[in-house]
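Structure first, then comments.
2 protein chains.
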Amino acid sequence: MSFADHIRACNNFERARVVPLVAGGRRVGWLRRDNAAALARFPRVFAVEGEQACLVAVGDADAVSAAVDEVVDALVAQNHVPKWRNETFDVMPRWGDQPVFRLDRGAVPFFGTRAYGVHLNGYCRDGDGMRLWVGRRAPDKRVAPDKLDNIVAGGIGNGHGIAATLFKEAEEEAAIPAALVERALPVGAVSYRMETELGIRDDVLFVYDLELPADFVPQNRDGEIVDFALMHADSAIERVRDTADFKFNVNLVILNFALRHGLLGVDDPEYLEVASGLHRPLD
Amino acid sequence: MSFADHIRACNNFERARVVPLVAGGRRVGWLRRDNAAALARFPRVFAVEGEQACLVAVGDADAVSAAVDEVVDALVAQNHVPKWRNETFDVMPRWGDQPVFRLDRGAVPFFGTRAYGVHLNGYCRDGDGMRLWVGRRAPDKRVAPDKLDNIVAGGIGNGHGIAATLFKEAEEEAAIPAALVERALPVGAVSYRMETELGIRDDVLFVYDLELPADFVPQNRDGEIVDFALMHADSAIERVRDTADFKFNVNLVILNFALRHGLLGVDDPEYLEVASGLHRPLD
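Just so you know, the sequences run in chain order P and C. Going by the working numbering, the residue at position 119 of the first sequence is 119; the numbering climbs one at a time, nothing skipped. Going by the working numbering, the residue at position 102 of the second sequence is 102; the numbering climbs one at a time, nothing skipped.
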């Protein structure tokens, strides 16, 4: 393994393998060609024609969401989508735009719509060094079971803001009091575009840093994390380089943390690959 | 003006307006088509054919550099290159590769070879806020005269390392003692690709942060900076957004600083454009 291997794994998207999903003349997703073919059976909702698929259901976001939900029902029945997650994400051409419709989280990779999440690096100072709180994901998680994770991470569900998601997840995942979360600093975003078995993950992760008091110990409340460990930051970075122990995208968040805090030396042969590989253009 | 305007200005490169400069089967530069046409007169050094220009001079880096220098001499005489800078940059497909040849800095945009620089954010804590040392470039600078700049910035000349360039420039530009410079943290790289009057700037800037003591005052020694000011970081960021007072690429370095230190709010409408627009793939 290497740092760049993780970056490449998260960016294995190939344009030739997908067609754009277009709504109102703007791209809102990337459909793998097999997924686009499966959509052709729902011509009242999606017009699949040659090199693109167009959303043709009309009405407001509620009406379009209802029409898409019927399609998702059928896709779940046909095993194109594994199952309903009963949590919806807003679909929009760009962050901040009016949502075109809401989509069940389970169907997001099928449609390749952009998903937004929040990741928190919880760290302590330790003399001249730093330690990073790391969680281990529960064995029954559908995505990346048993893998190491940030202390707090979660998707931004429809209607929730970035900061609101941070506070909610910090409480559920690590029992971090709101008064502490308020000190978290927004420090950028990591983005990647990845083909998985299900389709395309086109993800943007808003990244926060939070320096935690030495006596703070996170406690999970929602069953998604089975335990936490306070790892030397340098060990976490080595573990990123040498193993696949961390969830695929958490490798990128930790590399971004390492870079921003001067924990990677400029003489590291992968320095520029890391410094330039954690962000994609917002196309 | 807006944050995104500065990012766009530094990334106005259009692939259709250039041809690759290839050496040993690998791209080492981007030649604007008019510049490629001007190179066609030197067939013993460059073979310009259709959609690419190939370096055909043979020999080691010294021999190739000498052959290219003769071409640069002619290009200066013909006003394709403004003048010799008498400082050479290594030309290589990727950072860390063996240099193919050395090129006078004045000719770098003509050939569109990638140039590497070092920029230092010198800052002080000020209660809960931060202040940033900002220099004003001398009126006789060829590039961006009178514009605001980082406390220290400079190109990485051939044979110089990243850290060595930082120490050298910190001494010449701001008289920062080596014992202080040693505390500077490498915090990533900013990159952009820009067409200028002269050709293509394909730049990678290694970025360092240095917290300076409250009583430190920079002093310029090389005549490149006429004065320094200690600006509230928030004012510097506003000035980036609202004006063209900073040198084009320094806007990007300050935005990167702002982002990493939590000085931009996630609700800023340009947050994601900034978070994703300061880095280019290393193609």
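Using N, Cα and C, we set each Cβ at its ideal position, and we do this for glycine too. None of these values were measured; they are calculated from a predicted model.
- By the criterion of a C-beta distance shorter than 8 angstroms, His160 of chain P is surrounded in its chain by Lys168, once the five residues flanking it on both sides are discounted.
- The beta carbon of Val68 of chain C sits closer than 6 angstroms to the beta carbons of Phe101 from its chain, once the five residues preceding and following it are set aside; these are given in chain order.
- Distance between Val64 of chain C and Arg94 of chain P, taken at the CA atoms: about 48 angstroms.
- At a C-beta separation below 9 angstroms, Pro93 of chain P has no neighbours in chain C, since its nearest C-beta there lies roughly 13 angstroms away.
- Chain P places a beta carbon closer than 8 angstroms to that of Val266 of chain C, counting this residue as a contact.
- In the same chain as Cys54 of chain P, and ignoring 5 residues on each side of it, the C-beta atoms closer than 6 angstroms to its own belong to Val22, Ala47, in chain order.
- DSSP places Gly277 of chain C outside any beta strand (DSSP E); the residue lies instead in the alpha helix (DSSP H), whose first and last residues are 271-277.
- For Val207 of chain C, the number of other beta carbons within 10 angstroms of its own is at least 16, and it is reported as buried.
- Restricting attention to alpha helix (DSSP H) runs no shorter than 4 residues, the stretch 52-98 of chain P encloses them at 61-77, ordered along the chain.
- Annotation for Ile225 of chain P: the continuous beta strand (DSSP E) segment containing it runs 225-232.
- Collapsing the DSSP output to three states places Val181 of chain P in a helix.
- When 9 angstroms is used as the limit between beta carbons, Gly24 of chain P is near no residue of chain C, the shortest such separation being about 20 angstroms.
- For Gly106 of chain C, the secondary structure class from DSSP, reduced to helix, strand or coil, is helix.
- Residues of chain P whose Cβ lies closer than 8 angstroms to the Cβ of Arg280 of chain C are, in chain order, Ser276.
- With its beta carbon at least 8 angstroms from every one in chain P, Leu198 of chain C lies outside the interface.
- Pairing Leu103 of chain C with Asp245 of chain C gives a Cβ-Cβ distance that is not under 8 angstroms.
- Excluding residues up to 5 positions away in sequence, Pro82 lie with their Cβ nearer than 8 angstroms to the Cβ of Arg142 of chain P in the same chain.
- Ile200 of chain P is bridged by DSSP to P:Glu195.
- In the displayed model, Glu173 of chain P falls within a helix according to three-state DSSP.
- Glu70 of chain C is positioned such that its CB atom lies no closer than 8 angstroms to that of Val19 of chain C.
- Chain P has no Cβ within less than 8 angstroms of the Cβ of Glu211 of chain C.
- For Asp126 of chain C, the enclosing beta strand (DSSP E) starts and ends at 114-126.
- Comparing alpha-carbon positions, the option among C:Arg221, C:Phe110, C:Asn158 lying closest to Pro177 of chain C turns out to be C:Arg221.
- Spanning the alpha carbons of Phe111 of chain C and Val250 of chain P requires a straight line of approximately 39 angstroms.
- Non-local C-beta neighbours of Ile237 of chain P in its own chain, meaning closer than 8 angstroms and more than five positions away in sequence, comprise Ile254, Leu255, Ala258, Leu263, Leu264, ordered along the chain.
- Ranked by Cα distance from Arg15 of chain C, the first of C:Val274, C:Gly106, C:Met194 is C:Met194.
- In this structure, DSSP gives Ala214 of chain P a state outside helix and strand, which the three-state scheme calls coil.
- Bounds of any beta strand (DSSP E) do not take in Ala144 of chain C, whose DSSP letter is neither H nor E.
- Of the candidates C:Arg137, C:His80, C:Ile162, the residue whose Cα lies closest to the Cα of Asp90 of chain C is C:Ile162.
- For Glu211 of chain P and Ala184 of chain P, the gap between their C-alpha atoms comes out near 7 angstroms.
- Per DSSP, the unbroken beta strand (DSSP E) holding Arg131 of chain P starts and ends at 129-137.
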